Amino acid sequence: MSYKNILVTGGAGFVGSNIAIKFKEHFPNIIVTAFDNLSRVGSELTLPRLLEHGVTFRHGDVRKREDLTGTFDCIIECSAEPSVMAGVTTSPQYLIQTNLVGAMNCFELAREQHADVVFLSTSRVYPVSPLNDLRFHETETRFELDQMKNGISTDFPLNGLRSLYGATKLAAELLIMEYAANYHLHAVIDRFGVIAGPWQMGKVDQGILARWVAHHVFKKPL
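Following the working numbering, the numbering of the sequence shown begins with 50 at its first residue and continues without gaps.
This is how it looks when you write it as structure tokens:
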């Protein structure tokens, strides 16, 4: 591993905290910094885990460019307003400022330091109507697409409506590709689907599998 200093934005979240901890477990000599504004309920509970594993925590907000300081050779951009319902019944300002402007601030830090970037995106970048038109069948364990045995590929058309959340993530994808081309950065985009696992603080609009499990354990209605 050639990296010496890794910044994980959204580092107190479900994905970010697990990534930060795994890096320290596998590469203990690397300095890993978890950066988070702790806006999500329950995110503060991850702080003892991070510190126990030797991860440095810094409180800050990706929306504020002045908060993003330090020297890093790799930035893993996990920060986001992750709810697909964000901005539907309220102003989308926080969503856009976090997912797009916040991402741009991270890309700016990468540009200034010529750091590598891993950008965590989402399967929600794909438009809803074309997805609904896909034929599928039910097996004993899962639903399978008739024509796409390996699932949705990156060649799937992107024209159409997807959600405000998906639009912000797609816009950030386009932005990091331009940054990579113009400033000769190494960047990887990872589109997550439905994710679940330990320490996920599941809600109705995001993290539904963890919420189902929690309701089952605590004998609450599903």
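Even for Gly, the Cβ is constructed at its ideal location relative to N, Cα and C.
Fair warning: this is a prediction, and the values are worked out from it, not measured in the lab.
Judged by DSSP in its simplified three-state form, SER66 adopts helix. Under the DSSP assignment, ARG107 falls in the beta strand (DSSP E) whose first and last residues are 105 to 108. When Cβ pairs closer than 8 Å are counted between the two stretches, the segment 181 to 190 is seen not to touch the segment 114 to 127, the count staying below three. Note on geometry: alpha-carbon atoms of PRO179 and LEU210 lie some 9 Å from one another. Assignment of GLU222 by DSSP, reduced to helix, strand and coil, places it in the helix class. Linking LEU223 to GLU187 through their CA atoms gives a straight-line distance of about 35 Å. Taking a contact as a CB-CB distance under 8 Å, the pair PHE156 and ILE225 counts as one, their CB atoms being some 6 Å apart.
Under the three-state reduction of DSSP, HIS186 is assigned to strand. When DSSP reads this structure, ASP239 sits in a beta bridge with LEU169. In the DSSP annotation of this structure, the continuous segment of the alpha helix (DSSP H) that includes ASN181 starts and ends at 177 to 181.
Sequence-distant Cβ neighbours of LEU144 in its own chain, meaning closer than 7 Å and more than five residues away, are GLU130, ALA135, GLY136, LEU213, TYR214 and THR217. Out of ASN199, PHE121, ASN86 and SER140, the CA that lies nearest to the CA of GLY151 is found in ASN86.
Using a Cβ-Cβ distance cut-off of 8 Å, the segment 57 to 71 and the segment 83 to 99 are in contact, since at least three pairs of beta carbons, one from each stretch, lie closer than that value.
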